[in-house]
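Trainee: Right, I'll just put the structure down here and ask away after.
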């Protein structure tokens with residue numbers, strides 16, 4: 053409910069709740085009459101954009117325009133009632149641990165004293181493992197040789213938990229979990245996002261969760277599923293849930309369909325600096341958001357801040373979030389490079405760049421993986437399927453073909469940056485139009501796919517496949533000029549002061565001033581320092597025509613200027629080319 057709620061049953065106040073993005077439950081037993089009709093009243097206050105109703109607020113505005121949208125108030129998520137035993141299970145907190153082949157399980161209960169819990173994992177009808185113990189403490193449920201959860205194969209185990217006392221079962225709940233890990237690891241000397249120990253490029257969309265008929269509220273559960281299925285069908289494997297928290301069923305479908313989720317915390321009002329009360333509300337609701345979504349395998353990253361919107365103490369907040377949930381990545385500030393962001397705190401696991409229309413080209417510079425957290429924003433007007441007015445986009449196109457052409461071009465550049473720059477992920481703005489912001493791949497009513505789906509799917513598939521090239525690019529084909537056509541010196545074999553030319557042209561190189569043999573990227577290599585170099589002798593390359601030159605180089609000490617790897621005439625300054 054958004055934002056402050058008070059609940060009465062039969063005239064008795066039974067609960068209050070603050071915050072528009074977190075769930076709450078109430079035991080109404082004491083307020084019920086013995087039989088017959090019962091009266092339930094829910095009162096809500098929500099003065100959007102007025103303190104304290106804007107901490108947090110997300111993108112809700114009283115006067116929406118551009119990237120700000122119509123506000124919601126009151127009950128916008130599912131409400132239900134159910135009878136439970138006096139002693140019952142409230143929630144399962146589940147974290148996979150691939151290193152030990154177990155599921156870390158905490159069974160949250162109410163009304164328990166001497167009861168114990170029994171938990172069983174299932175693979176279909178096959179029992180996988182069982183554990184028992186006291187409720188409230190961490191249990192280790194064995195999952196030997198686990199089937200891993202990935203976007204391509206989102207396997208989910210079943211779990212059944214029974215609360216027992218001396219007379220037998222008191223309460224039983226069923227659910228599911230996925231076995232997967234996420235961390236930052238090194239690929240070809242650069243930090244990358246690793247899923248289950250393997251680099252998986254996070255190719256995603258900026259999903260804002262608005263609907264033309266219900267604003268924050270989707271019309272049906274099938275509609276929640278449809279949005280994610282459409283993005284999956286277009287070839288994306290990631291969704292950045294942008295400064296909104298969805299109903300649990302949305303995350304269920306992400307788990308089931310296989311989409312990696314970057315979960316934003318809804319921002320406070322960027323129009324003012326958050327005061328102490330704002331900060332307290334923000335951090336309390338941030339903690340609750342994490343706590344209520346711990347068990348979803350699809351969520352791999354927490355994003356506490358977007359750009360400079362209500363940002364404060366980013367280093368402390370990033371460290372706090374990591375302490376709350378060390379099993380996931382923390383993106384301290386999505387859009388660190390722009391929009392009134394505070395200075396980079398150098399905390400968390402991710403450095404995140406926003407560039408419109410982009411894409412940006414952030415390079416790894418410390419132990420964090422780099423991502424392009426927002427780019428794109430290409431627009432197309434579709435009459436009859438728009439909100440009000442002419443619409444807004446970061447770049448407007450005139451036809452579905454132009455929009456598709458531009459998307460393919462931008463995404464091809466993402467692929468290049470993935471292979472050459474060390475990029476770990478990219479988020480395109482956006483999967484569908486939202487009100488006046490018409491830069492979606494689909495229309496706001498979801499009835500029109502505005503791009504050529506086959507071409508979008510193909511270029512997205514190329515980006516995902518390119519992850520295998522990072523650190524292991526495909527070898528050049530035989531006969532490639534510059535490798536086997538003119539000269540090729542792998543530098544892995546040294547005979548005194550010479551190293552052979554394997555192109556077959558006999559231009560063996562002379563080693564000057566004694567470069568040192570060392571372990572290379574593949575096999576052996578040579579280390580050059582100071583005035584050491586390889587001399588190929590007489591000129592062997594015709595620089596008046598077309599030619600190409602390439603070299604594998606690792607620079608240990610960059611120095612204060614350009615470092616020359618290859619040139620036509622040494623470092624004299626008179627070469628036709630320098631490879632620097």
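Numbering (this note's numbering), first residue to last: 53 to 632.
For every residue, glycine included, the Cβ atom is placed at its ideal position computed from N, Cα and C.
1. Mind checking residue 211: buried by the 16 CB within 10 Å criterion, or exposed?
2. Which same chain residues, not among the five before or five after residue 603, have their C-beta less than 8 angstroms away from its C-beta?
3. Figure out for me which residue from 248, 99, 413 has the closest Cα to the Cα of residue 467.
4. Compare the beta carbon distance of residue 280 and residue 309 with 7 angstroms and say whether it is the shorter of the two.
5. Starting from the C-beta of residue 61, find all residues in its chain whose C-beta is less than 6 angstroms away, skip the five residues before and the five after it, and write them out in chain order.
6. Can you tell me which of the three DSSP states residue 618 falls into?
7. What residue ranges within the segment 289 to 335 form continuous beta strand (DSSP E) runs of no fewer than 3 residues, ordered along the chain?
8. Using 8 angstroms as the threshold, is the segment 419 to 438 in touch with the segment 388 to 406, meaning 3 or more CB pairs across them?
9. Just the C-alpha distance for residue 110 and residue 153, rounded to the nearest angstrom, thanks.
10. Exposed or buried, what is residue 253 when buried is set at 16 or more other beta-carbons lying within 10 Å of its beta-carbon?
11. Buried or exposed, going by whether 16 or more other CB atoms sit within 10 Å of the CB of residue 358?
12. Between the C-alpha atoms of residue 572 and residue 608, what's the straight-line distance to the nearest angstrom?
13. Only counting the same chain, and skipping five residues up and downstream in sequence, which positions put a Cβ closer than 7 angstroms to that of residue 449?
14. Tell me the residue span of the alpha helix (DSSP H) that contains residue 456.
15. Ignore the nearest five residues each way along the sequence and tell me which others in residue 307's own chain have a CB closer than 6 angstroms to its CB.
16. Out of 295, 209, 73, which one is the CA nearest neighbour of residue 178?
17. Assess, as a yes-or-no matter, whether the segment 157 to 169 is touched by the segment 213 to 224 under the definition of 3 or more beta carbon pairs within less than 8 angstroms.
18. Within a Cβ cutoff of 8 angstroms, which residues of the same chain sit near residue 334, ignoring the five residues on either side of it in sequence?
19. Quick one: what does DSSP say residue 199 is sitting in, helix, strand or coil?
20. Expressed to the nearest angstrom, what Euclidean distance is found between the alpha-carbon atoms of residue 447 and residue 90?
21. Just the Cα atoms here: how many angstroms apart are residue 534 and residue 545?
22. What would DSSP say about residue 156, mapped onto helix, strand or coil?
23. On a CA-only basis, which of 451, 344, 289 is nearest residue 77? Give me that one, please.
24. Suppose you measure from the CA of residue 233 to the CA of residue 539; what does that come to, to the nearest Å?
25. For chain B, check one thing: does any of its Cβ atoms lie closer than 7 angstroms to the Cβ of residue 599?
Mentor: So, from the listed chains and residues:
1. buried
2. 617, 618, 631
3. Comparing Cα positions, the closest option is 413.
4. yes
5. Result list for residue 61: 80, 83, 92, in chain order.
6. strand
7. Those beta strand (DSSP E) runs which fall completely within the segment 289 to 335 and span 3+ residues are 290 to 293, 312 to 316.
8. yes
9. When rounded, the separation of the alpha-carbon atoms in residue 110 and residue 153 is 38 angstroms.
10. That one is buried.
11. buried
12. 13 angstroms
13. 430, 431, 432, 455, 458
14. 452 to 473
15. Non-local beta-carbon contacts of residue 307 in its own chain, meaning distances under 6 angstroms to residues more than five positions away in sequence, involve 348, 349, 350 in chain order.
16. 209
17. The answer is yes - the segment 157 to 169 touches the segment 213 to 224, with three or more Cβ pairs under 8 angstroms.
18. 107, 108, 317, 320, 326, 362
19. Judged by DSSP in its simplified three-state form, residue 199 adopts coil rather than helix or strand.
20. 55 angstroms
21. Confidence in residue 534 is poor, its pLDDT being 48 and thus under 50, which makes the residue's placement too unreliable to answer from.
22. strand
23. 344
24. Rounded to whole angstroms, residue 233 to residue 539 spans 45 angstroms at the Cα level.
25. Of the protein chains in this structure there is only one, and it is not chain B.
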